[in-house]
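J.: Sharing a structure below in structure tokens format, with a few things to ask.
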Amino acid sequence: MTNYEIRKDFPIFDGDKIAYLDSGATTQRPKQVIEAVDNFYRTANANPHRGAYELSIEATNIYENARKKVASFINSPSPEQIIFTRNSSESLNLIAYSYGLNNLKKDDKIVISIMEHHSNLVPWQFVSKKCGCLLEYMYVNEEGLLTDEEIEKKIVPGVKIVGITQISNVLGTINDVKKIVKKAHEVGAIVVVDGAQSVPHIKTDVQDLDCDFLVFSGHKMLSPLGIGVLYGKKELLNKMDPFLFGGDMIEYVYEQETTFAPLPAKFEAGTQNVGGAVGLAAAIDYINSIGMDTIKEIEEELTKYLFDELSKLDFVTIYGPKDLSKKAGVISFNINGVHPHDVASVLDSVGVCVRSGNHCAQPLLRSMDIDSTVRASLYMYNTKEDIDKLINGLNKTYDMFKKWIKK
Amino acid sequence: MDNLESMYTDIIMEQSTATYNKHELDNKTDSEHGHNPSCGDDITLEIIMDGDKISDLAFTGHGCAISQASTSIMIDVLKGKSKDEALKMISIFLKMVKREEVSEEELDSIEDARALQNISNMPARVKCAELAWYTMEKLLEKN
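If you read the sequences in order, they're chains V and C.
Here the first sequence stands for residues 13 to 419, numbered as in my numbering.
Here the second sequence stands for residues 610 to 752, numbered as in my numbering.
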């Protein structure tokens with residue numbers, strides 16, 4: 013399948029009115045996903061795990077089959093290691109509360125990269141303050157890459173948790189997570205991998221990575237909003253306290269005591285988002301029908317085209333890796349002297365959707381001495397024409413602003 | 610004229626890069642910091658109050674063209690006004706950019722700040738225009 017064929021499956025692109033270059037924020041949904049969710053609510057909706065009637069059992073089966081599909085998608089050894097959450101942020105909070113608060117002691121160290129999204133940063137600040145531990149950062153070099161020296165220098169004995177994004181949502185940097193995991197395990201730390209920007213785009217195998225936790229969001233991979241995933245190693249998940257308490261996560265409840273359900277139910281209090289899980293399963297089917305290799309090829313070709321075309325604009329500064337083998341389809345840039353929000357408004361006027369701002373990564377931008385950037389991020393349905401529209405829009409922006417730009 | 614051109618007018622562009630209001634005040638009597646966490650726009654207003662009167666006003670910080678222009682224009686129109694006059698103008702300005710009903714006389718009363726009226730056509734940018742005015746409101750309420 014080509015990106016042009018894929019694009020036809022996405023109703024939002026009917027009429028080709030927009031160049032959607034903000035998939036790093038959330039992707040669009042193909043009709044197969046929308047129809048699967050619609051079909052669930054029309055034909056199979058009931059509260060899972062509760063009713064003794066056929067419809068509820070069907071809803072339960074659909075929900076648990078979605079879990080199996082997710083497990084197989086990231087090569088989890090078993091489906092019960094897949095916990096459904098609302099999104100990556102909730103998954104990361106679950107780890108911070110249930111693992112972090114209970115396992116860290118005074119003077120232990122948490123190490124994360126400066127590239128982390130606030131959702132893999134702020135929870136660790138909270139844990140480090142509560143436990144009296146130290147939060148340290150692995151910094152990137154001028155190309156936005158984590159060097160081996162930096163990894164070796166920061167991941168040392170005393171470090172108990174390492175948090176790392178597999179792909180930076182600002183710079184597109186692809187981190188060598190496998191190497192980081194290996195190093196962390198050598199010093200006895202566990203590794204939390206933020207897969208929000210990677211799982212939708214590159215083949216992710218949790219057993220090959222050997223990571224202890226991996227989180228990702230459905231909505232960044234063609235699924236409905238409000239469904240996310242936490243994968244964890246079984247021995248860790250089993251030892252952890254529940255995060256949220258309530259219905260469906262218990263075994264026996266007495267007036268003063270409760271015993272909890274086994275995995276995965278222990279971490280899924282309350283009525284689950286079956287509709288979201290159905291959508292995520294349909295999204296995985298869709299992604300598998302295209303093939304991760306094809307998706308990667310399409311994105312690599314587009315990333316190169318985007319990078320090359322942006323590089324031709326002498327009024328633009330591009331941030332992050334120049335070596336495209338280390339860069340995913342996420343490119344941050346600025347028109348020199350023009351604020352990203354103004355750029356985004358002009359682009360909006362020509363139907364180009366980009367993100368502008370600090371991308372929930374203030375410490376990274378501060379470390380690079382910039383306030384904000386424009387970010388274009390790609391997915392399998394983008395085309396060279398989308399990128400051409402962006403480039404034309406950037407030229408228009410520059411023409412509008414150039415006489416006002418202070419050198 | 611489309612929304613874009615009606616927003617990025619010459620007066621807005623000129624004020625967005627103007628520097629005559631952008632500095633610290635030596636004898637400031639008070640200051641207030643304003644920040645839009647979602648976009649990173651960040652300004653600090655410094656004021657010299659002479660009794661009830663705003664005798665000087667200036668700002669430092671950074672942000673998009675709209676936020677910078679709005680701040681600079683606000684300083685132009687509020688300087689020399691009394692606290693009550695200024696608060697009234699702020700309230701009219703905020704109503705104007707949110708597309709709430711404002712009379713022709715009210716629009717006249719905010720002088721050059723009227724130039725930002727068309728921002729109300731671009732909901733995504735209203736908060737850029739509001740930042741300085743909300744910050745100023747907080748600053749005046751303390752004084």
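The C-beta atom is built at its ideal place from N, Cα and C for all residues, glycine as well.
(1) What does a CB cutoff of less than 7 Å around Y743 (chain C) pick up in its chain, not counting 5 residues either side in sequence?
(2) Could you round the C-beta distance between Q178 (chain V) and Q219 (chain V) to whole angstroms and report it? I think they count as a contact, below 8 Å.
(3) Considering just the uninterrupted stretch of the beta strand (DSSP E) at V290 (chain V), what are its terminal residues?
(4) What in chain V is Cβ-close to A674 (chain C), meaning under 7 Å?
(5) Work out the CA separation of H353 (chain V) and K338 (chain V) for me, nearest whole Å.
(6) Is there a Cβ from chain C that is less than 8 Å from the Cβ of V358 (chain V)?
(7) Okay, do the segment 376-386 of chain V and the segment 249-263 of chain V touch, 3+ Cβ pairs below 8 Å being the bar?
(8) Could you list which residues in chain V have their beta carbon closer than 9 Å to that of M622 (chain C), in chain order?
(9) Whole angstroms is fine: what's the gap from K271 (chain V)'s alpha carbon to V265 (chain V)'s?
(10) Would you say S625 (chain C) faces chain V, with C-beta separation under 8 Å as the test?
(11) Strictly below 9 Å CB to CB, what residues from chain V border H632 (chain C)?
(12) Just mark A678 (chain C) as buried or exposed, buried being the case when its beta carbon has 16 or more other beta carbons within 10 Å.
(13) Whose C-alpha, out of V:V199, V:E47, V:K232, V:E198, is nearest the C-alpha of D206 (chain V)?
(14) Which of helix, strand or coil does DSSP assign to V39 (chain V)?
(15) Counting only beta-carbon atoms, is S647 (chain C) nearer than 8 Å to chain V?
(16) Sorted by chain position, which residues of the same chain lie with C-beta nearer than 7 Å to C223 (chain V)'s C-beta, five sequence neighbours on each side aside?
(17) Thinking just about the alpha-carbon of each residue, which of C:A722, C:N636, C:N752, C:K751 is nearest to the one in I618 (chain C)?
(18) If we call anything under 8 Å between Cβ atoms a contact, is F298 (chain V) one with S88 (chain V)?
(19) How is the alpha helix (DSSP H) around M698 (chain C) delimited, first residue to last?
(20) Specify whether the segment 142-150 of chain V and the segment 341-356 of chain V touch according to this definition: at least 3 beta carbon pairs, one from each stretch, less than 8 Å apart.
(21) Does S180 (chain V) get closer than 8 Å to chain C when you measure Cβ to Cβ?
(22) Could you confirm whether any beta carbon from chain C is found closer than 8 Å to the beta carbon of S5 (chain V)?
(23) Below 7 Å CB to CB, which residues in the same chain sit around E263 (chain V) once its five sequence neighbours on both sides are set aside?
(24) What residues from chain V crowd round D611 (chain C), counting only those whose CB sits closer than 8 Å?
(25) Let me know the secondary structure DSSP gives V203 (chain V) once reduced to three states.
(26) With DSSP run on the structure shown, which of helix, strand or coil describes T385 (chain V)?
(27) Just the C-alpha distance for N57 (chain V) and G259 (chain V), rounded to the nearest angstrom, thanks.
(28) Using three-state DSSP, classify C400 (chain V) as helix, strand or coil.
(29) Can you tell me the Cα-Cα spacing of C420 (chain V) and K117 (chain V), whole angstroms?
(30) Label Y629 (chain C) either buried or exposed according to how many other C-beta atoms from any shown protein chain fall within 10 Å of its C-beta, with 16 as the threshold for buried.
(31) Hey, how far is the Cα of Q137 (chain V) from the Cα of C145 (chain V)?
(32) Of the residues C:I663, C:T680, C:A627, which one's Cα is nearest the Cα of T653 (chain C)?
(33) With a threshold of 8 Å between beta carbons, is Y617 (chain C) in contact with chain A?
(34) So with CB distances below 8 Å, who are the chain V contacts of R734 (chain C)?
(35) Which of the three DSSP states, helix, strand or coil, is assigned to Y16 (chain V)?
(36) So, are the CB atoms of D650 (chain C) and G672 (chain C) less than 8 Å apart?
T.: The short version:
(1) Counted from its first residue, the second sequence places residue 743 (chain C) at position 134. Cβ neighbours of Y743 (chain C) beyond the five flanking positions: G643.
(2) Numbered from 1 along the first sequence, position 166 holds the residue referred to as residue 178 (chain V). Numbered from 1 along the first sequence, position 207 holds the residue referred to as residue 219 (chain V). Rounded, the Cβ-Cβ distance is 15 Å, inconsistent with contact.
(3) Numbered from 1 along the first sequence, position 278 holds the residue referred to as residue 290 (chain V). It is not in any beta strand (DSSP E) - V290 (chain V) instead sits in the alpha helix (DSSP H) that spans 286-302.
(4) Taking the first residue of the second sequence as 1, we reach residue 674 (chain C) at position 65. For A674 (chain C), the neighbours in chain V by C-beta distance under 7 Å run, in chain order, H351, D354.
(5) Reading the first sequence from its first residue, position 326 is the one you call residue 338 (chain V). Reading the first sequence from its first residue, position 341 is the one you call residue 353 (chain V). Linking K338 (chain V) to H353 (chain V) through their CA atoms gives a straight-line distance of about 28 Å.
(6) Taking the first residue of the first sequence as position 1, residue 358 (chain V) is located at position 346. Yes, V358 (chain V) counts as interfacial toward chain C.
(7) no
(8) Here residue 622 (chain C) refers to the residue found at position 13 when the second sequence is read from its first residue. Correct list: M412, F413, K415, W416.
(9) For the purposes of this step, residue 271 (chain V) is taken as the residue at position 259 of the first sequence. For the purposes of this step, residue 265 (chain V) is taken as the residue at position 253 of the first sequence. A small correction: the amino acid at residue 271 (chain V) is Thr; Lys does not occupy that position in the sequence shown. Cα to Cα, T271 (chain V) sits roughly 7 Å from V265 (chain V).
(10) As a working note, residue 625 (chain C) is residue 16 in the second sequence. Output row for S625 (chain C): interface = yes.
(11) The residue labelled residue 632 (chain C) in the question sits at position 23 within the second sequence. Here the premise fails: no neighbours, minimum Cβ distance about 15 Å.
(12) In the second sequence, counting from the first residue as 1, residue 678 (chain C) sits at position 69. Flag for A678 (chain C) reads buried.
(13) Position 194 of the first sequence, counted from the start, is the residue given in the question as residue 206 (chain V). Nearest C-alpha to D206 (chain V): V:K232.
(14) Indexing the first sequence from 1 puts residue 39 (chain V) at position 27. Checking the sequence shown, residue 39 (chain V) turns out to be Thr, not Val. Note: T39 (chain V) maps to coil in three-state DSSP.
(15) Here residue 647 (chain C) corresponds to residue number 38 of the second sequence, with the count starting at 1. Output row for S647 (chain C): interface = yes.
(16) Taking the first residue of the first sequence as position 1, residue 223 (chain V) is located at position 211. Correct list, in chain order: V189, V193, V203, V205.
(17) In the second sequence, the residue the question calls residue 618 (chain C) occupies position 9. A small fix is needed here, since residue 618 (chain C) is Thr in this sequence, not Ile. When each option's Cα is compared against that of T618 (chain C), the closest is C:A722.
(18) Taking the first sequence and counting its residues from 1, the one referred to as residue 298 (chain V) is at position 286. Taking the first sequence and counting its residues from 1, the one referred to as residue 88 (chain V) is at position 76. Before going on, a small fix: residue 298 (chain V) reads as Tyr here, not Phe. It is not a contact, given that the beta carbons lie outside the stated cut-off.
(19) Taking the first residue of the second sequence as 1, we reach residue 698 (chain C) at position 89. First-last of the alpha helix (DSSP H) with M698 (chain C): 692-706.
(20) no
(21) Along the first sequence, one-based indexing puts residue 180 (chain V) at 168. Closer than 8 Å: no.
(22) One cannot answer for residue 5 (chain V) here, as it falls past the ends of chain V, which runs 13 to 419.
(23) Start at 1 with the first residue of the first sequence, and residue 263 (chain V) comes out as number 251. Result list for E263 (chain V): T271, F272, A273, in chain order.
(24) Residue mapping note: residue 611 (chain C) aligns to position 2 of the second sequence, counting from 1. Those are S361, listed as they occur along chain V.
(25) If you number the first sequence from 1, residue 203 (chain V) lands on position 191. It is a strand residue.
(26) Indexing the first sequence from 1 puts residue 385 (chain V) at position 373. The answer is strand: DSSP assigns T385 (chain V) an E or B state.
(27) For the purposes of this step, residue 57 (chain V) is taken as residue 45 along the first sequence, with counting starting at 1. For the purposes of this step, residue 259 (chain V) is taken as residue 247 along the first sequence, with counting starting at 1. Pairing N57 (chain V) with G259 (chain V), the inter-Cα distance amounts to about 18 Å.
(28) Residue 400 (chain V) sits at position 388 when you count from the first residue of the first sequence. The amino acid occupying residue 400 (chain V) in the given sequence is Asp; Cys does not appear at that position. Three-state DSSP puts D400 (chain V) in a helix.
(29) Nothing can be reported for residue 420 (chain V): it is not among the residues displayed for chain V, which extend from 13 to 419.
(30) Residue mapping note: residue 629 (chain C) aligns to position 20 of the second sequence, counting from 1. Per the 10 Å Cβ criterion, exposed.
(31) Position 125 of the first sequence, counted from the start, is the residue given in the question as residue 137 (chain V). Position 133 of the first sequence, counted from the start, is the residue given in the question as residue 145 (chain V). Approximately 9 Å between the Cα atoms of the pair.
(32) In the second sequence, counting from the first residue as 1, residue 653 (chain C) sits at position 44. Checked all of C:I663, C:T680, C:A627; the closest Cα to T653 (chain C) is C:T680.
(33) Any reference to chain A falls outside this structure, whose protein chains are V and C.
(34) Numbered from its first residue, the second sequence carries residue 734 (chain C) at position 125. Correct list: H353, S357.
(35) Residue mapping note: residue 16 (chain V) aligns to position 4 of the first sequence, counting from 1. Y16 (chain V): helix per DSSP, three-state reduction.
(36) Residue numbering aside, residue 650 (chain C) sits at position 41 when the second sequence is read from its first letter. Residue numbering aside, residue 672 (chain C) sits at position 63 when the second sequence is read from its first letter. In this structure, G672 (chain C) lies closer than 8 Å to D650 (chain C) by Cβ.
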